[in-house]
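The numbers in the numbering used here rise by one with no breaks, and the one at position 231 of the sequence shown is 231. These notes are about the structure you will find just below.
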Amino acid sequence: MYKSYYYLNRLTLELSNILAGKRIANIFSQEKDRLIIQLDDQDELYLEISVNHSDPYINLRNKFSRAKKNTIGFFSELVNNKIKEVLIASDDRIIKIVTDFGDLFFAIRGKHTNIFFNSNILSSFKNETKDNLTLFKQEFETKFFHNSFNIPDPDVIEGKSIAEIRQKYRFIGREIENEVNIRKSENDIESDILLTVLQDIFTKNAAVYTNENTGEIHVGFNSLKIYSMFERQLFDSTIKAFNYFLIKRYQYEEKNNKLKKIISYIDRELKKNASRLNNLQIVIEKGSQEEEYNKIANLLLINLNKIHSGISEMEIDDIYSSGSKIKIKLDSKLSPQKNVDRYFEKSRDSKINFEKSSNLFLSAKNEFERLKSYQIQIEKNPTLEEINLIMKELKIKDDEKQTFNEDIESKFKHYLIEKKYHVFVGKDSVNNDLLTTRFAKQNDFWFHARSVSGSHVILRVENTKDVVPKSILKKVASLAAYHSKAKTAGVVPVSYTLKKYVFKRKGQPAGQVSLLKEEVLLVKPEIPVDSEYLTE
1 MYKSYYYLNR LTLELSNILA GKRIANIFSQ EKDRLIIQLD DQDELYLEIS VNHSDPYINL
61 RNKFSRAKKN TIGFFSELVN NKIKEVLIAS DDRIIKIVTD FGDLFFAIRG KHTNIFFNSN
121 ILSSFKNETK DNLTLFKQEF ETKFFHNSFN IPDPDVIEGK SIAEIRQKYR FIGREIENEV
181 NIRKSENDIE SDILLTVLQD IFTKNAAVYT NENTGEIHVG FNSLKIYSMF ERQLFDSTIK
241 AFNYFLIKRY QYEEKNNKLK KIISYIDREL KKNASRLNNL QIVIEKGSQE EEYNKIANLL
301 LINLNKIHSG ISEMEIDDIY SSGSKIKIKL DSKLSPQKNV DRYFEKSRDS KINFEKSSNL
361 FLSAKNEFER LKSYQIQIEK NPTLEEINLI MKELKIKDDE KQTFNEDIES KFKHYLIEKK
421 YHVFVGKDSV NNDLLTTRFA KQNDFWFHAR SVSGSHVILR VENTKDVVPK SILKKVASLA
481 AYHSKAKTAG VVPVSYTLKK YVFKRKGQPA GQVSLLKEEV LLVKPEIPVD SEYLTE
């Protein structure tokens, strides 16, 4: 209700009593839509005026912390002049602050809501065109301003409906019409109810109405029926009520913003964990191929003298299966002994991967259940203190940059090596650009397979003081080789450098970058055994 004419009418009466005779010490702004008038008073009074078109208000505060920089002064001619009185237009939401030197006008006009200073010429807080200033000046000169409570003449409105009355008195807001409609019964006269409502606004205590479950909050006056379903707190002045309203509203907004972050985080992590559980379940159900690869390696070892270099497949007797034949695929680029070693290595890797997948499945399942428990807590309308605790336990940082990084992070393939090192892989040329130019930090490591097309790969460096082991760099390089056109090669050269040495020239195609310096690792294209695939 704080935007309504009659709330402002009641407020101006209180402001006039307090501000009359006070000297203006300073007028400044440190936000584009808010002006502060500092009063030379032992109580440290500050008149705060918001010209935000969706949240216009005028308020009196006891304290205000002025920034040490980025503040600008306004209407300097008024400094050291005294306020005489505070008035309101008889038919509009325009508040007039009369001083010894000139008048300040606070006009609520949608997107044209503004503060004007009228002395010899009219100037404004927010920029206005010359034509608009002329129109506003003419309007202010024709308006009648008063310092009384503006109740319509009972004889003029007698017997009329609230809709008819609002046609004549357009400053009577929708909230007051709703209040009249709620109060009336079948035989009531709406004009009489309106007069009662206005009298209540004029005489009753100010009130703040809240709903802790929904975070909805309103400021108004005692006995208003439109807020009867809300909890009510009474105040002996509209100024005290509105200051409480601002604090409470900020708390609700803070709570809702944090809830949104938690919900977004939990939803995102639940999807990641569900995907992880499904992938691990497939590995577990498939079982370990340790014995199969070990069998093939032993068969090749037995028939080592029959393996010729350069062949990609051979058929030999399977002595473990009643002498039946078995076809074994070989790497034509490897020697016979290297092919044997390759299958023994696959056997070891399969065993390790199966055991690791089983352990990871249990930990992922526990994490999934933990997230679900937080989801249940959130649904029970937690307090702000409980929300802060949940954010701390989930390690959710409360800043916009973190939110941006979390949102953009989900666009890449994500691996976790040794449960510590986060690796992000681009999906295509455009995605590679996003990964390298927007997501990667200056001291992250950047990887790419040399001389072939492939994904950009980023190793996130959380703490620049920690030295990344060479073994980790090799594992990330293996991932980069695996996510390239050379993934089937035996050994692949991979370039790596710090992100700060990677730049994009003007006109370079998507996914193409230039390096100021680089080092090269020769690695086998593979997904490291001790890596965890977190998300697509």
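Ideal placement from N, C-alpha and C gives every residue a C-beta, glycine not left out.
Whole-angstrom distance between residue j and residue i, CA atom to CA atom
| i | j | result |
| --- | --- | --- |
| L19 | L11 | 12 angstroms |
| L371 | K329 | 44 angstroms |
| K401 | L394 | Confidence is the limiting factor: at K401 the pLDDT is only 49, short of 50, which leaves the residue's position unreliable, though a coordinate-based value still follows. Their backbone Cα atoms lie some 17 angstroms apart in a straight line. |
| E186 | I95 | 38 angstroms |
| I352 | G426 | 27 angstroms |
| I302 | L459 | 43 angstroms |
| L416 | R276 | 12 angstroms |
| K240 | L13 | 14 angstroms |
| L434 | K130 | 45 angstroms |
| D43 | K22 | 11 angstroms |
| I108 | E141 | 17 angstroms |
| Y46 | N80 | 15 angstroms |
| S321 | K500 | 58 angstroms |
| I547 | Q251 | The structure shown has nothing for residue 547, since the chain only spans 1 to 536. |
| K69 | D40 | 21 angstroms |
| Y6 | R249 | 21 angstroms |
| Y169 | Y227 | 24 angstroms |
| P528 | I316 | 31 angstroms |
Contact check, residue i vs residue j, beta carbons under 9 angstroms
| i | j | result |
| --- | --- | --- |
| V492 | L473 | no |
| R34 | S54 | no |
| I151 | Q199 | yes |
| A440 | V502 | yes |
| S358 | Q289 | no |
| M1 | G220 | yes |
| F424 | A274 | no |
| L15 | L78 | no |
| S495 | E526 | no |
| K411 | N431 | yes |
| K258 | M391 | yes |
| F74 | F116 | no |
| S65 | G173 | no |
| K225 | I182 | yes |
| T436 | K504 | yes |
| D331 | S347 | no |
| I88 | N147 | yes |
| V461 | D444 | yes |
| K160 | S191 | yes |
| Y489 | H448 | Reading off the sequence, residue 489 comes out as Ala, not Tyr. In this structure, H448 does not lie closer than 9 angstroms to A489 by Cβ. |
| V457 | H483 | yes |
| N26 | I36 | yes |
Reference residue i; option with closest CA among the options
| i | options | result |
| --- | --- | --- |
| F145 | D91, R166, Q375 | D91 |
| F230 | R23, K240, N9, N213 | N213 |
| T238 | L515, F503, L8, S495 | L8 |
| K524 | V476, K32, I390 | V476 |
| Y343 | F368, L300, S410, G287 | L300 |
| I72 | K126, R166, K82, S410 | K126 |
| I282 | F361, S453, E345 | F361 |
| I121 | T113, K111, G110, D103 | D103 |
| V180 | V461, K168, L195 | L195 |
| E345 | I319, A297, K356 | A297 |
| L270 | N366, L234, T497 | N366 |
| E418 | K465, E532, R170 | E532 |
| L135 | H112, F202, V457, E164 | H112 |
| K84 | N70, I36, I24, E48 | I24 |
| D100 | S119, K204, A480 | S119 |
| K285 | Y293, E355, S455, P56 | Note on identity: in this sequence residue 285 is Glu, with Lys being the wrong assignment. Taking only the C-alpha atoms, the option nearest E285 is E355. |
| R537 | T497, K255, V197 | Outside the shown range of the chain (1 to 536) lies residue 537, about which nothing can therefore be said. |
| S471 | D530, I193, I319 | D530 |
| N294 | D318, E177, K184 | D318 |
| S429 | S455, P528, E291, E409 | S455 |
Residue i at chain D interface by Cβ criterion, 9 angstroms
| i | result |
| --- | --- |
| K295 | Among the chains of the structure shown, chain D does not appear; only one protein chain is present. |
**Report entry** the region 208 to 215 / the region 235 to 245 touching (three or more Cβ pairs under 8 angstroms)
**Finding:** Note that the region 208 to 215 touches the region 235 to 245; at least 3 beta-carbon pairs, one per stretch, sit closer than 8 angstroms.
Requested in this report: Assess, as a yes-or-no matter, whether the region 332 to 349 is touched by the region 291 to 309 under the definition of 3 or more beta carbon pairs within less than 8 angstroms.
Outcome: The region 291 to 309 makes contact with the region 332 to 349: 3 or more CB pairs, one atom from each, lie closer than 8 angstroms.
Query raised in the report: On the three-pair Cβ rule with 8 angstroms, is the region 383 to 397 touching the region 502 to 516?
Result: Taking 8 angstroms as the limit for Cβ pairs, the verdict is that the region 502 to 516 does not touch the region 383 to 397.
Query - Any beta strand (DSSP E) of 3 or more consecutive residues that is wholly inside the region 48 to 123 - result: Fully enclosed beta strand (DSSP E) runs of 3 or longer: 57 to 61, 83 to 89, 94 to 99, 103 to 107, 114 to 118.
Query - 3 or more residues per run - each beta strand (DSSP E) lying fully within the region 239 to 327 - result: Annotation: the region 239 to 327 contains the following complete segments of the beta strand (DSSP E) (minimum length 3 residues), in chain order: 313 to 318.
Query - Secondary structure, beta strand (DSSP E): runs of 3+ residues fully inside the region 421 to 473 - result: Counting only runs of 3 or more, we get 421 to 425, 445 to 449, 457 to 459.
Requested in this report: Determine, using beta-carbon pairs with one atom in the region 375 to 390 and one in the region 257 to 268, whether at least three such pairs fall under 8 angstroms.
Outcome: Yes, they touch.
Report task. Give, in chain order, every unbroken run of the alpha helix (DSSP H) that is at least 4 residues long and sits entirely within the region 134 to 163. Result -> Secondary structure within the region 134 to 163: the alpha helix (DSSP H) runs of 4 or more consecutive residues, fully enclosed, are 154 to 157 (chain order).
Report task. Would you mind listing the beta strand (DSSP E) stretches within the region 321 to 380 that are 3+ residues and don't spill past its ends, in chain order? Result -> Correct list: 324 to 329.
Query raised in the report: In chain order, which beta strand (DSSP E) runs of at least 3 residues are fully inside the region 178 to 224?
Result: Listed in chain order, they are 206 to 211, 216 to 221.
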